[in-house]
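*Asks:*
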Amino acid sequence: MRKLTAWVALAASALTITGCSGGSGQHGSGSGNESQDSKSPTSAASSAAPTPRWAAVKGAPRTVPAVRSFKAADGTGWRVSKNARVVVPAGRDSPLADEARRLAADLGGLKLSWQDDARPGDVELKITGEGEAAKANNAAPTSTADEAYTITARDTRLTLTAPTDTGIFNATRTVLQSVRAAHGVPEGTIEDRPDRAQRGLLMDIARKHYTADWLEKRIRELADLKLNQLQLHFSDDQAFRIESSSHPEIVSPEHLTKAQVRHLVKLARELHITVIPELDSPGHLGAVIDKHPSLQLRSAAGTAPRGAVDISQPKAAQIVDDLMREYAKLFAEEGVPGPRWHLGGDEYSALTVKSPGTSYPQLARAATKKYGAKATVQDLTTGWLNDREKTLRDAGVKHVEAWNDGFHDSKVVTPAKDRTVAYWTGKEIGANEPAGFLKEGRTVVNLNDEFLYYVLGQPNDFTYPTGERIYKQWTPAVLRGTTPVTASLTGPDRVPGARFGVWGDLPQSQTTEQVARGIRLPLAALSQKVWDPRKPQLSWTDFKARAATVAPAR
């Protein structure tokens, strides 16, 4: 931000302003503060405004992800100028007010106008959509069409239009990156929209503690790349990282307070990012079991697999439901429960043995008691996740997902039909192929551990993923290993996107700053590959250089 602001000030002072015929042009005063907004009341001021002159902005827009369509035109393009304003004809009470203020600040403190009085040098923001989506402020988009936008640079004026404020926000990020890369936006028209609706980052904040400040920086980084999801895996065997009032005994010393979580959720919403909580169960609950040892799952031989709760015990469900109800409220956006939740469901130890019913007879008995004589431990586990999903639905959560190894070969109980599959691996016992889920009619989000898993310490044959490998070899259709699933099954309606996952298996292997540096280029590469389905035009070397050029100062 300091780098951009300094350049804006220098560029503005170097511009030559000459008057158009017809008047001297009166400018509103102020630097983007509410009390200093421009209040020019008439369009007459527009025709009388001076026309800024500058060297032409050359070449196509340089952004990450690259814009999908640019039609060049003759002209000098648009640059930040001394008297430029951000203009919102719909007024200060429109959904675009916050986008206008943010853009004005990001461009060095431009003035604001809430009138229909755009003039040379200005940036004008307009919503073109109709209906509730167009009227909503910072609402989660319902489709990629909601995220589309158009930018027109013509006669020294810049116009941003979109069907929703999410689209306008995306347009403002393109403007900022273009200013960083080329000091302006070239003359012509940009038409852009994402290919995939879900684009994001997963952070394991359980096994490694990340401060609220660090997470805030990542939210801003995601927004700059037009990534729109942050999944927080906040509970695992090693720690429980969010303050709890229902079960304070399980919370680890280093944790996020509820106030910090609310701040992060609010900031993310303002930057058009959805925060997805993940409370993993019935495995990965070691931090809960440490304070409630009676819930520990034990085999007939007396072994106690770390992190697995005994789902035959009603108290296990009670504690998890208490926490989910509590956090459904905590992660609410302006009083509305967050639209997405991750159930976990992976690596439940009872299902990693040859004969679950023999090894864990109490689970087998509970299954037949609840679901009938033919029910198995797999059915009981599927029923556990179904029950947890019902708790979330009753709390107002709209979209629920679970890891692919949380979908079991159960015969009596089937997973909720609308539960999304978060596909991460095919290495587990009895692994289901991605195509099987897709043929079943499920939506599958891509978290392929071959390309998208940044596992601290690189245990179990993991290696740190590189942006280059993602850029060159991965697509949303590559859900498992390195081979893509057939295109007919992996369109945007079936595989709506992907997330890059950071896991803290060996948490001391890297500092949080090393993590931030290590994921910078992979996130940039991911943003390109989920935004545009076509093969990237730039070489990796050129893309890497562009990513450095358009990034905000750190």
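Each residue of the sequence shown is one higher than the last, beginning at 45 in this note's numbering. The beta carbon of each residue, even a glycine, is placed where N, CA and C say it ideally should be. Keep in mind that this is a model prediction, so the values were computed, not measured.
Taking 8 Å as the cut-off, does the region 253 to 263 touch the region 198 to 217 (at least 3 CB pairs, one atom from each stretch)?
*Replies:* no
*Asks:* When we look at the beta-carbon of Asp354 and count the other beta-carbons within 10 Å, is it buried (16 or more) or exposed?
*Replies:* buried
*Asks:* Mark Ala197 as exposed unless 16 or more other C-beta atoms lie within 10 angstroms of its C-beta, in which case mark it buried.
*Replies:* Classification of Ala197: buried, given that the 10 Å Cβ count is 16 or more.
*Asks:* Starting from the Cα of Thr95, find the closest Cα among Ala162, Tyr415, Arg306 and Gly427 and give me that residue.
*Replies:* Across the set Ala162, Tyr415, Arg306 and Gly427, the C-alpha of Ala162 shows the shortest separation from the C-alpha of Thr95.
*Asks:* State the DSSP-derived secondary structure class of Gly327, mapped to helix, strand or coil.
*Replies:* Here Gly327 sits in coil by DSSP.
*Asks:* Using the Cβ count rule (16 or more neighbours within 10 Å means buried), how would you classify Asp268?
*Replies:* buried
*Asks:* On the DSSP letters alone, give me the boundaries of the alpha helix (DSSP H) that Thr469 sits inside.
*Replies:* Careful: Thr469 lies outside any alpha helix (DSSP H) and carries neither H nor E.
*Asks:* Any contact between the region 493 to 500 and the region 510 to 524? By contact I mean 3 or more CB pairs, one from each, below 8 Å.
*Replies:* yes
*Asks:* Cα separation between Val457 and Asp438?
*Replies:* Rounded to the nearest angstrom, the two C-alpha atoms are 20 Å apart.
*Asks:* Is it the case that the Cβ atoms of Gly351 and Gly327 are separated by a distance below 8 Å?
*Replies:* yes
*Asks:* Quick one: give me the first and last residue of the beta strand (DSSP E) that Trp447 is part of.
*Replies:* His443 to Trp447
*Asks:* So who's on the other strand from Ala141, going by DSSP bridges?
*Replies:* According to DSSP, which records beta bridges pairwise, Ala141 is partnered with nothing at all.
*Asks:* Could you work out which residue in Pro596, Trp575 and Asp586 is closest to Thr188 when comparing CA atoms only?
*Replies:* Trp575
*Asks:* Cα separation between Trp447 and Lys588?
*Replies:* 32 Å
*Asks:* Quick check on the burial criterion: 16 or more other C-beta atoms within 10 angstroms. Buried or exposed for Asp280?
*Replies:* Buried, since its Cβ has 16 or more Cβ neighbours within 10 Å.
*Asks:* Any idea what DSSP makes of Tyr515, helix, strand or coil?
*Replies:* Secondary structure of Tyr515 (DSSP, three-state): helix.
*Asks:* Taking just the CA atoms, how far does Glu557 sit from Asp334?
*Replies:* 30 Å
*Asks:* Is it right to say Ala241 is buried, meaning 16 or more other beta carbons lie within 10 angstroms of its own, or is it exposed?
*Replies:* buried
*Asks:* Rounded to a whole number of angstroms, what is the C-alpha to C-alpha distance between Val499 and Ala100?
*Replies:* Their backbone Cα atoms lie some 46 Å apart in a straight line.
*Asks:* Are the Cβ atoms of Thr464 and Val489 separated by less than 8 Å?
*Replies:* Between Thr464 and Val489, the C-beta gap is smaller than 8 Å, which places the two residues in contact.
*Asks:* Apart from the five residues just before and just after Thr469, which ones in its own chain have a Cβ nearer than 6 Å to its Cβ?
*Replies:* Counting only Cβ-Cβ distances below 6 Å, and skipping sequence neighbours, we find Asp493.
*Asks:* Please check the pair Pro321 and Tyr371, which I expect to be a contact at CB under 8 Å, by giving their CB distance rounded to whole angstroms.
*Replies:* Taking C-beta atoms under 8 Å as the contact rule, Pro321 and Tyr371 qualify, at a distance of about 6 Å.
*Asks:* May I ask you to report which of helix, strand or coil DSSP gives Asp462?
*Replies:* coil
*Asks:* Can you give me the C-alpha to C-alpha distance between Ala361 and Glu477, rounded to a whole angstrom?
*Replies:* 30 Å
*Asks:* Helix, strand or coil for Tyr498 per DSSP?
*Replies:* strand
*Asks:* Where does Trp584 sit, in a helix, a strand or coil, going by DSSP?
*Replies:* helix
*Asks:* Can you give the Cα-Cα distance for Ser65 and Ala93, rounded to whole angstroms?
*Replies:* With a pLDDT of 31 at Ser65, under the threshold of 50, the modelled position of that residue is not reliable, and no figure is offered here.
*Asks:* Who are the Cβ neighbours of Trp428 in its own chain at under 8 Å, not counting the five residues just before and after it?
*Replies:* Ser325, Pro326, Ile355 and Ala361
*Asks:* Measure the beta-carbon distance from Phe481 to Leu246 and round it to whole angstroms, keeping in mind my assumption that it falls under 8 Å.
*Replies:* With a Cβ gap of about 19 Å, Phe481 and Leu246 do not count as contacting.
*Asks:* Mind checking Gln221: buried by the 16 CB within 10 Å criterion, or exposed?
*Replies:* buried
*Asks:* What's the C-alpha gap between Ile171 and Val539?
*Replies:* Going from the Cα of Ile171 to the Cα of Val539 covers about 28 Å.
*Asks:* Pick out the complete alpha helix (DSSP H) segments inside the region 206 to 289, 4 residues or longer, and give them in chain order.
*Replies:* 209 to 226 and 256 to 268
*Asks:* Less than 7 Å between C-beta atoms, sequence neighbours within five positions excluded: which residues of the same chain meet that for Glu433?
*Replies:* Counting only Cβ-Cβ distances below 7 Å, and skipping sequence neighbours, we find Leu387, Val444, Ala460 and Arg463.
*Asks:* Between Leu582 and the rest of its own chain, which residues show a CB-CB distance below 7 Å, the 5 nearest in sequence each way excluded?
*Replies:* Sequence-distant partners of Leu582 (beyond 5 residues in either direction) whose C-beta falls short of 7 Å from its own C-beta, in its chain, are Arg590.
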